[in-house]
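Visitor: The structure under discussion is supplied below as structure tokens; questions concerning it will follow.
Numbering (our numbering), first residue to last: 266 to 696.
Below is the structure:
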């Protein structure tokens, strides 16, 4: 069929075989001027940290520190940046000046110490600034030979009036806490864990479900099969870079089990690599650079504990670990545990004798059993707030635990006993 071509037709659809590209006119679509379209991409505002690390020397120094401790690297970078900003220098200019005139840089540091002391900065903070600058200069093989002194270097003004909470205050803290924060508080005050163990600095690692061998998931419910439950602190999340374990009291274990069951009921799948302290499963937004990270960073864990304290208490979160150690010292004095055991649970490597006993990779079962029994004897001191509870409620809990652990034969005997007691009461009423 012959193709009919028309220009500016009013009804092009009446022709079936019309080639529209050859029929349509572009009259009125031609522009009389050259159209230029400019697209501006959204610029990413670099943070001050990113701008500093753009210098390859600073990046190399930072990465070297981070291999030892990411927190140390982060803090020293901030200290160096602030020092340079106060003196209108860049880190590169500071290093160049040190290589040309070491005495001038040493005088600059000494004057900086004097200025900070006049501003009433804490001695520990002043020493940390000087350490950071010295570390940066050592990166260029420049050593400050002059001994720079700080007044009262061991004085800690923020800790001067801090005390360990008592039983009533610990009980009030738990009453103020949310489900997740109560677990964090329990792991610090009842098991002696550092906050970095629950979630490291950048939220990439932390305490997992596989690190608690006594906590299992049976028929869709989290249960504890042995008390006190054991917590294994892996080498990767240990501050002293050694693997150890500690125990968790019965009250802390109950809070942990309730928290994990709540996450299961919310639809979160739990497995061996699941974090013990996790970000909210339902709300994954507003996490910034922690997006897609399974663990809660240390700063967020501490912030949550601090918010639980405020405004009632002005303590630091670390006071909970001090509470744990204080109660174990009392347990040592009462002969309930030994100093070696308490230091081991606290995450310390101990003395030379501990190197040949508790600081082995795998401990014998007999020693683990003795440690468990020793911790059980000290458990009452760690769960001090429970002594203020109603004794009737405690008896009901003990009876409930007995019924749950009883065999069918024992349950039958208990039922017969209860029936006999009820018949006796009915006869007394009739009489």
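A virtual CB, placed ideally from N, CA and C, is assigned to each residue, including glycine. Nothing here was measured: the structure is a model prediction, and the numbers come from that model.
How would you label residue 631, buried or exposed, when you count the other beta carbons within 10 angstroms and need 16 or more for buried?
Guide: By the 10 Å Cβ count, residue 631 comes out exposed.
Visitor: Answer with buried or exposed for residue 267, where buried requires no fewer than 16 other C-beta atoms within 10 angstroms of its C-beta.
Guide: Confidence in residue 267 is poor, its pLDDT being 48 and thus under 50, which makes the residue's placement unreliable; the coordinate value appears in the next sentence. Looking at its Cβ environment, which holds fewer than 16 other Cβ atoms inside 10 Å, residue 267 is exposed.
Visitor: With contact counted as at least three CB pairs below 8 Å, one residue from each stretch, are the stretch 514-523 and the stretch 496-504 in contact?
Guide: Verdict: no, contact absent.
Visitor: Return the first residue and the last residue of the alpha helix (DSSP H) that residue 509 is part of.
Guide: No alpha helix (DSSP H) holds residue 509; the beta strand (DSSP E) holding it covers 509-513.
Visitor: Please report the distance separating the alpha-carbon of residue 324 from that of residue 311.
Guide: Approximately 15 Å, taken between the alpha carbons.
Visitor: Which runs of the beta strand (DSSP E), 3 residues or longer, sit entirely within the stretch 546-605?
Guide: Within the stretch 546-605, no complete beta strand (DSSP E) run reaches 3 residues.
Visitor: Answer yes or no: do residue 341 and residue 330 have a C-beta to C-beta separation smaller than 9 Å?
Guide: Yes, the pair counts as a contact, with Cβ atoms nearer than the cut-off.
Visitor: For residue 588, I'd like the list of residues in its chain whose CB is within less than 8 Å of its CB, leaving aside the five on either flank, ordered along the chain.
Guide: Cβ neighbours of residue 588 beyond the five flanking positions: 429, 430, 435, 454.
Visitor: Is it the case that the stretch 564-583 contacts the stretch 437-456, given that we only count it when at least three CB pairs across the two stretches are under 8 Å?
Guide: Output reads yes: the stretch 564-583 touches the stretch 437-456.
Visitor: I'd like to know whether the C-beta atoms of residue 402 and residue 369 end up nearer to each other than 9 Å.
Guide: Going by C-beta atoms, residue 402 is not nearer than 9 Å to residue 369.
Visitor: Taking the beta carbon of residue 557 as the centre, do at least 16 other beta carbons fall within 10 Å, making it buried, or is it exposed?
Guide: By the neighbour-count rule (16 or more Cβ atoms within 10 Å), residue 557 is not buried but exposed.
Visitor: Keeping to the same chain, check which residues put their C-beta closer than 8 Å to that of residue 530; ignore five residues upstream and five downstream.
Guide: Nothing listed; no residue qualifies.
Visitor: Is residue 695 helix, strand or coil when you go by DSSP?
Guide: Reliability of the predicted coordinates at residue 695 is poor, the pLDDT of 49 falling under 50, and the value obtained from them is presented with this limitation in mind. Here residue 695 sits in helix by DSSP.
Visitor: So for residue 504, helix, strand or coil by DSSP?
Guide: Here residue 504 sits in coil by DSSP.
Visitor: Exposed or buried, residue 463, counting other C-beta atoms within 10 Å across all chains shown (16 or more means buried)?
Guide: Buried, since its Cβ has 16 or more Cβ neighbours within 10 Å.
Visitor: Run through DSSP, which three-state label would residue 481 get?
Guide: If DSSP states are grouped into helix, strand and coil, residue 481 belongs with the strands.
Visitor: For residue 374 versus residue 410, is the C-beta spacing smaller than 9 Å?
Guide: Contact flag unset, no.
Visitor: With a cut-off of 8 Å, do at least 3 Cβ pairs link the stretch 417-426 to the stretch 469-484?
Guide: Contact fails: fewer than three Cβ-Cβ distances are below 8 Å.
Visitor: What is the C-beta distance between residue 648 and residue 443, in whole angstroms, given that I count them as a contact (C-beta under 8 Å)?
Guide: Actually they are not in contact, since the Cβ atoms of residue 648 and residue 443 sit about 20 Å apart, beyond 8 Å.
Visitor: Do residue 512 and residue 493 have their C-beta atoms within less than 9 Å of each other?
Guide: Cβ distance < 9 Å, so residue 512 and residue 493 count as in contact.
Visitor: In or out: residue 606 buried (at least 16 other Cβ within 10 Å) or exposed?
Guide: It counts as buried.
Visitor: Jot down the residue ranges of each uninterrupted beta strand (DSSP E) in the stretch 406-431, minimum 3 residues, whole runs only, in chain order.
Guide: For the stretch 406-431, not a single whole beta strand (DSSP E) run of length 3 or above is found.
Visitor: Relative to the alpha-carbon of residue 612, which residue among 586, 564, 528 has its alpha-carbon at the smallest distance?
Guide: Of the listed residues, the one whose Cα sits closest to residue 612 is 586.
Visitor: Could you check whether the Cβ of residue 470 sits closer than 9 Å to any Cβ belonging to chain B?
Guide: Reference to chain B is not applicable here, since this structure consists of a single protein chain.
Visitor: With H, G and I counted as helix, E and B as strand and the rest as coil, what does DSSP make of residue 683?
Guide: In this structure, residue 683 counts as helix in the three-state DSSP scheme.
Visitor: For residue 388, which residues from the same chain have a beta carbon less than 6 Å from its beta carbon, with the 5 sequence-adjacent residues on both sides left out?
Guide: Within the same chain, residue 388 has close Cβ partners 415, 417, 418, 420.
Visitor: Which residue from 608, 563, 640 puts its Cα closest to that of residue 601?
Guide: Looking at the Cα atoms, 640 is the closest of the given residues.
Visitor: Pull up the distance between the alpha-carbon of residue 544 and that of residue 356, whole angstroms please.
Guide: Rounded to whole angstroms, residue 544 to residue 356 spans 37 Å at the Cα level.
Visitor: Once you ignore the five residues that flank residue 404 on each side, which residues in its own chain have a CB closer than 8 Å to its CB?
Guide: Cβ neighbours of residue 404 beyond the five flanking positions: 322, 325, 326, 329, 360.
Visitor: Applying the 10 Å Cβ sphere with the 16-neighbour rule, what's the burial state of residue 582?
Guide: Label assigned to residue 582: buried.
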